[in-house]
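Reviewing the structure listed below.
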Amino acid sequence: MRVLVTGAKGFIGKNLCLFLKQSGFDVCEYDLDYEGTLQDAVQGCGFVMHLAGVNRPKDEEEFVTGNAGLTEELVRVLKEDGRKLPLLVSSSVQAERDNPYGRSKKAAEDLVFAYGRDTGAPVYVYRLDNAFGKWCRPDYNSVVATFCRNIAEGREIVIHDPAAEVTFVYIDDICRSFLSCINADGSDVILKVQPSFRVTVGRLADLLYGFRQNRENHTLPFLAEDRFEKRLYSTYLSYLPEDAFLYGLDMHTDARGSFTEFIRTPERGQVSVNVSNPGIVKGNHWHHTKNEKFLVVRGTGVIRFRRIGDDRVFEYPVSGEKLQVVDIPVGYTHNIENTGDDIMVTIMWANESFDPDHPDTFYEEV
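Structure follows, in structure tokens:
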């Protein structure tokens with residue numbers, strides 16, 4: 004199916020067009036530089052997603068022409084087409100408010116609902132909260148985009164009321180919700196994208212400043228699937244300066260090799276990279292609660308275990324030629340030896356980040 008997207012070069016439009024194409028749809032991208040008429044764009048399409056509109060005009064009259072006026076023209080073209088094409092429109096929570104922008108968006112909503120009643124075509128009117136995500140324009144109409152860009156680049160941000168609450172929706176959730184309407188039955192009520200997240204401006208700034216500190220303390224935020232932080236962290240990284248993607252880590256080196264912390268998380272532990280020189284044995288300690296996973300990705304070696312209070316020693320040969328994870332259970336003293344002629348590189352995960360005040364690490368030879 005061919006889908007017409009108006010406003011295809013805007014923030015939501017660019018993301019939506021990619022989602023549609025990745026889902027196997029042909030997309031007609033209608034924008035100000037489209038070479039043809041609106042009638043031309045509608046022909047051959049089986050679904051219309053109307054995102055085009057005006058929200059920061061020089062003259063308030065542009066609200067009328069760019070929102071209600073353009074929607075009225077689109078509805079007229081669709082009625083003349085006569086195929087009862089499904090129509091989705093992205094409106095705004097501002098449609099609930101009595102201001103020039105809100106009134107123009109409410110008028111556009113009414114036109115779409117009337118098109119559905121008059122023709123029997125499926126219609127979908129989405130009233131969007133504050134959208135955020137990659138490619139959103141800073142210093143325009145998104146506090147997330149502005150804060151992300153400024154904090155990533157070391158600029159100041161301005162907060163008038165840190166306690167002010169804003170409801171946010173993420174661009175991927177918007178696009179998935181829009182795509183779910185294709186081949187659906189239409190709706191005669193206002194639709195909302197879920198999940199949405201109500202966050203204070205102060206909390207938003209704190210999270211973003213925390214993301215900037217991640218490189219220094221090797222941490223990641225809590226990234227559960229249903230969390231605002233997961234979506235915000237992805238958005239923040241998209242605003243990094245293009246010459247600042249690379250950052251260094253603190254390598255602790257000695258004659259045995261090196262040990263480097265890579266990632267710390269608040270709920271999923273720590274990942275580190277361990278480099279051992281030939282013949283070197285590391286470890287010979289055990290833990291009460293801390294457990295680990297070792298993955299040798301280069302070189303050859305052997306991991307040895309002995310249960311505390313027992314004399315039996317267990318050995319597991321490991322090699323970068325065959326990637327295998329070795330669990331390091333609690334209550335077992337353990338070590339790892341490089342038995343090869345080259346360095347051995349081991350990825351090490353621990354269920355908790357290292358705390359020098361409570362290391363839970365006790366020396367005992369295997």
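Anchor point for the sequence shown: position 336 equals 339 in the working numbering, and the numbering is continuous, going up by one each time. For glycine and all other residues, C-beta sits at the position ideal for the given N, C-alpha and C.
Problem set entry | Gly-286 versus Gly-334 - alpha carbon distance | Counting from 1 along the sequence shown, the entry for residue 286 is found at position 283. Counting from 1 along the sequence shown, the entry for residue 334 is found at position 331. Straight-line Cα distance between these residues: approximately 14 Å.
For this session: Leaving aside the five residues before and after Ser-199 along the sequence, list all residues of the same chain whose C-beta is less than 8 Å from its C-beta, in chain order.
Result: As a position in the sequence shown, residue 199 is number 196, starting the count at 1. Within the same chain, Cβ atoms closer than 8 Å to the Cβ of Ser-199 are found at Asp-132, Thr-170, Phe-171 and Val-172, the five residues on either side in sequence being excluded.
Problem set entry | Inter-residue spacing [alpha-carbon to alpha-carbon] between Leu-235 and Phe-135 | Here residue 235 refers to the residue found at position 232 of the sequence shown. Here residue 135 refers to the residue found at position 132 of the sequence shown. Note on geometry: alpha-carbon atoms of Leu-235 and Phe-135 lie some 8 Å from one another.
Problem set entry | Bridge partners - Lys-285, DSSP secondary structure assignment | Residue numbering aside, residue 285 sits at position 282 when the sequence shown is read from its first letter. Note: Lys-285 is bridge-paired with Ile-339 in the DSSP secondary-structure output.
Problem set entry | the segment 257 to 267 contacting the segment 275 to 294, beta-carbon criterion three pairs below 8 Å | Proximity of the segment 257 to 267 to the segment 275 to 294 meets the contact definition, three or more beta-carbon pairs being nearer than 8 Å.
For this session: Classify Phe-22 as helix, strand or coil using the three-state DSSP reduction.
Result: Mapped onto the sequence shown, residue 22 falls at position 19. In the structure shown, Phe-22 sits in a helix (DSSP, three-state: H, G or I).
Exercise. Can you check whether the CB of Lys-233 is closer than 8 Å to the CB of Leu-243?
Worked result: For the purposes of this step, residue 243 is taken as the residue at position 240 of the sequence shown. For the purposes of this step, residue 233 is taken as the residue at position 230 of the sequence shown. No. Outside cutoff.
For this session: Mind reading off the beta-carbon distance from Asn-18 to Trp-138? Whole number of angstroms is fine, and I expect it under 8 Å.
Result: To locate residue 18, count along the sequence shown from 1; it is residue 15. To locate residue 138, count along the sequence shown from 1; it is residue 135. The pair is a contact, with the Cβ atoms about 7 Å apart (cut-off 8 Å).
For this session: Using the DSSP secondary-structure output, state which residues sit across from Ile-160 in a beta bridge.
Result: Taking the first residue of the sequence shown as position 1, residue 160 is located at position 157. Answer is none; Ile-160 lacks a bridge partner.
For this session: Have a look at Phe-365 and Val-305 and give me their C-alpha separation to the nearest angstrom.
Result: The count along the sequence shown starts at 1 and reaches residue 365 at position 362. The count along the sequence shown starts at 1 and reaches residue 305 at position 302. So the two alpha carbons sit approximately 21 Å from each other.
For this session: To the nearest angstrom, report how far apart Asn-280 and Thr-268 are at their CA atoms.
Result: For this step, residue 280 is matched to residue 277 along the sequence shown. For this step, residue 268 is matched to residue 265 along the sequence shown. Answer to the nearest angstrom: the Cα atoms are 28 Å apart.
Problem set entry | Boundaries of the alpha helix (DSSP H) in which Asn-220 is found, first to last residue | Position 217 of the sequence shown, counted from the start, is the residue given in the question as residue 220. For Asn-220, the enclosing alpha helix (DSSP H) begins and ends at 204 to 220.
Exercise. Among Val-128, Gln-216 and Asn-220, which has the Cα closest to the Cα of Thr-74?
Worked result: Mapped onto the sequence shown, residue 74 falls at position 71. Per the Cα distances, Val-128.
Problem set entry | As assigned by DSSP and simplified to three states, the class of Ala-134 | In the sequence shown, counting from the first residue as 1, residue 134 sits at position 131. DSSP places Ala-134 within a strand segment (E or B) once states are collapsed to three.
Exercise. Roughly how many angstroms lie between the CA atoms of Tyr-239 and Ala-208, to the nearest whole one?
Worked result: As a working mapping, residue 239 is identified with position 236 in the sequence shown. As a working mapping, residue 208 is identified with position 205 in the sequence shown. Between the alpha carbons of Tyr-239 and Ala-208 lies a gap of roughly 11 Å.
For this session: Find the nearest neighbour of Asp-176 within the set Asp-345, Gly-189, Cys-151 and Arg-230, judged by alpha-carbon distance.
Result: Residue 176 sits at position 173 when you count from the first residue of the sequence shown. The shortest Cα separation from Asp-176 among Asp-345, Gly-189, Cys-151 and Arg-230 belongs to Arg-230.
Exercise. Under three-state DSSP, which class holds Glu-232?
Worked result: Position 229 of the sequence shown, counted from the start, is the residue given in the question as residue 232. DSSP, read as helix, strand or coil, puts Glu-232 in helix.
For this session: Can you tell me which of the three DSSP states Asp-142 falls into?
Result: Sequence index remark: in the sequence shown, residue 142 carries index 139 (1-based). In this structure, Asp-142 counts as coil in the three-state DSSP scheme.
Exercise. What did DSSP end up calling Ser-98 once you bin it into helix, strand or coil?
Worked result: Residue 98 sits at position 95 when you count from the first residue of the sequence shown. The sequence given here has Ala at residue 98, not Ser. Looking at Ala-98 - three-state DSSP - the assignment turns out to be helix.
Exercise. Quick one: what's got a C-beta closer than 7 Å to Pro-141's C-beta in the same chain, skipping five residues either side?
Worked result: Locating residue 141 in the sequence shown gives position 138, counting from the first residue. Excluding positions up to five away in sequence, the list reads Ala-148, Thr-149 and Arg-152.
Problem set entry | Other residues of its chain near Asn-341: CB distance less than 7 Å, five sequence neighbours each side excluded | Stepping through the sequence shown from its first residue, residue 341 is reached at position 338. Taken in chain order, the residues that qualify are Ser-279, Asn-280, Pro-281, Gly-282, Ile-283, Gly-302, Gly-304 and Met-347.
For this session: Using the Cα positions of Glu-168 and Cys-20, report the straight-line distance between them to the nearest angstrom.
Result: Numbered from its first residue, the sequence shown carries residue 168 at position 165. Numbered from its first residue, the sequence shown carries residue 20 at position 17. Roughly 31 Å between the two C-alpha positions.
Exercise. Per the contact definition of three or more C-beta pairs closer than 8 Å, is the segment 71 to 89 in contact with the segment 39 to 48?
Worked result: Enough Cβ pairs lie closer than 8 Å, so yes.
Exercise. For the putative contact between Gly-205 and Ala-166, defined by C-beta atoms under 8 Å, what is the C-beta separation to the nearest angstrom?
Worked result: To locate residue 205, count along the sequence shown from 1; it is residue 202. To locate residue 166, count along the sequence shown from 1; it is residue 163. The Cβ separation is near 6 Å, so the contact holds.
Exercise. How about Ala-11 and Asp-34: do their beta carbons lie closer than 8 Å?
Worked result: As a working note, residue 11 is residue 8 in the sequence shown. As a working note, residue 34 is residue 31 in the sequence shown. Closer than 8 Å, so yes.
Exercise. Hey, how far is the Cα of Asp-314 from the Cα of Ile-339?
Worked result: What you label residue 314 is simply residue 311 of the sequence shown in a count that begins at 1. What you label residue 339 is simply residue 336 of the sequence shown in a count that begins at 1. If you take the alpha carbons of Asp-314 and Ile-339, they lie about 18 Å apart.
For this session: Compare the Cα-Cα distances from Thr-9 to each of Asp-164, Phe-22, Leu-77 and Asp-345 and report the closest residue.
Result: Residue mapping note: residue 9 aligns to position 6 of the sequence shown, counting from 1. Answer by Cα proximity: Leu-77.
Problem set entry | Three-way DSSP call (helix, strand, coil) for Arg-120 in this model | Taking the sequence shown and counting its residues from 1, the one referred to as residue 120 is at position 117. Helix at Arg-120.
For this session: Would you identify the three-state DSSP class for Lys-12, choosing helix, strand or coil?
Result: For this step, residue 12 is matched to residue 9 along the sequence shown. Here Lys-12 sits in coil by DSSP.
Exercise. Thinking just about the alpha-carbon of each residue, which of His-288, Gly-13 and Pro-224 is nearest to the one in Ala-55?
Worked result: Reading the sequence shown from its first residue, position 52 is the one you call residue 55. Scanning His-288, Gly-13 and Pro-224 for the CA closest to the CA of Ala-55 turns up Gly-13.
Exercise. Below 8 Å between beta carbons: does that hold for Val-321 and Lys-296?
Worked result: What you label residue 321 is simply residue 318 of the sequence shown in a count that begins at 1. What you label residue 296 is simply residue 293 of the sequence shown in a count that begins at 1. Judged by their CB atoms, Val-321 and Lys-296 are not nearer to each other than the 8 Å cut-off.
Exercise. According to the Cβ coordinates, are Ala-71 and Ala-44 closer than 8 Å?
Worked result: To locate residue 71, count along the sequence shown from 1; it is residue 68. To locate residue 44, count along the sequence shown from 1; it is residue 41. Against a cut-off of 8 Å, the Cβ pair of Ala-44 and Ala-71 comes out as no contact.
Exercise. Within 10 angstroms of its Cβ, does Thr-349 collect 16 or more other Cβ (buried), or is it exposed?
Worked result: In the sequence shown, the residue the question calls residue 349 occupies position 346. By the 10 Å Cβ count, Thr-349 comes out buried.
For this session: Put Arg-267 into one of helix, strand or coil per three-state DSSP.
Result: Mapped onto the sequence shown, residue 267 falls at position 264. In this structure, Arg-267 counts as strand in the three-state DSSP scheme.
Exercise. For chain B, is any of its Cβ atoms less than 8 Å away from the one on Arg-106?
Worked result: This model lacks chain B altogether; it includes just one protein chain.
For this session: Tell me Glu-38's beta-bridge partners as DSSP assigns them.
Result: For the purposes of this step, residue 38 is identified with residue 35 of the sequence shown, where counting begins at 1. Paired residue(s): none; Glu-38 is not in a bridge.
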